[in-house]
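J.: Reminder that position 2 of the sequence shown reads as 628 in my numbering, one-by-one numbering, no gaps.
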Amino acid sequence: MYITNTETVPDGEIVGVLGIARGNTVEAKNAGQDFTQGIRNIFGGELKAYSDLLSKARDEAISRMEAHAEEMGADTVVNVRLETSQITDGGSEVMAYRTAVRLR
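#1: For A647, does the three-state DSSP call read helix, strand or coil?
#2: In terms of alpha-carbon separation, which member of G699, M698 and R690 lies closest to L708?
#3: Please classify G649 as buried or exposed, where buried requires at least 16 neighbouring CB atoms within 10 angstroms.
#4: Give me the Cα-Cα distance between H694 and K674, rounded to the nearest whole angstrom.
#5: Report the rounded CA-to-CA distance for L644 versus A726, giving the unit in angstroms.
#6: Taking DSSP as the reference, what is the three-state secondary structure of R684?
As structure tokens, then:
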């Protein structure tokens, strides 16, 4: 599966547009990490546990989008976008989506 955030694929001709492929996940903060990250927030610096959590969530959302595109019969997803939103005080959703296509 070829996944790109561009509208086209170099040297690739889109021969079929199959629709929107999407994947999402909701990740919750860990109470212990929340405490330690709160302390780090006082002194400054990267909140590494949260960075890692969101990175994992992005990877999972892209993987689920890829699986959805494959179910649709696609070999490529073009113009991919990622969005993050807060669902609850302790949890965020990451969504990956865009157009599933077939290339010649």
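Glycine is no exception: its CB is placed at the ideal position from the N, C-alpha and C atoms.
T.: Taking the geometry as given:
#1: The count along the sequence shown starts at 1 and reaches residue 647 at position 21. Correct three-state label for A647: strand.
#2: Along the sequence shown, one-based indexing puts residue 708 at 82. Closest in C-alpha terms to L708, from the list G699, M698 and R690, comes R690.
#3: Within the sequence shown, residue 649 is the residue found at index 23, counting from 1. Buried is the call here.
#4: Here residue 694 is taken as the residue at index 68 of the sequence shown, counted from 1. Here residue 674 is taken as the residue at index 48 of the sequence shown, counted from 1. Rounded to whole angstroms, the separation of the alpha carbons of K674 and H694 is 30 Å.
#5: Position 18 of the sequence shown, counting from 1, holds the residue named residue 644. Position 100 of the sequence shown, counting from 1, holds the residue named residue 726. So the two alpha carbons sit approximately 5 Å from each other.
#6: Here residue 684 corresponds to residue number 58 of the sequence shown, with the count starting at 1. Look at R684 here: in three-state DSSP terms it is helix.
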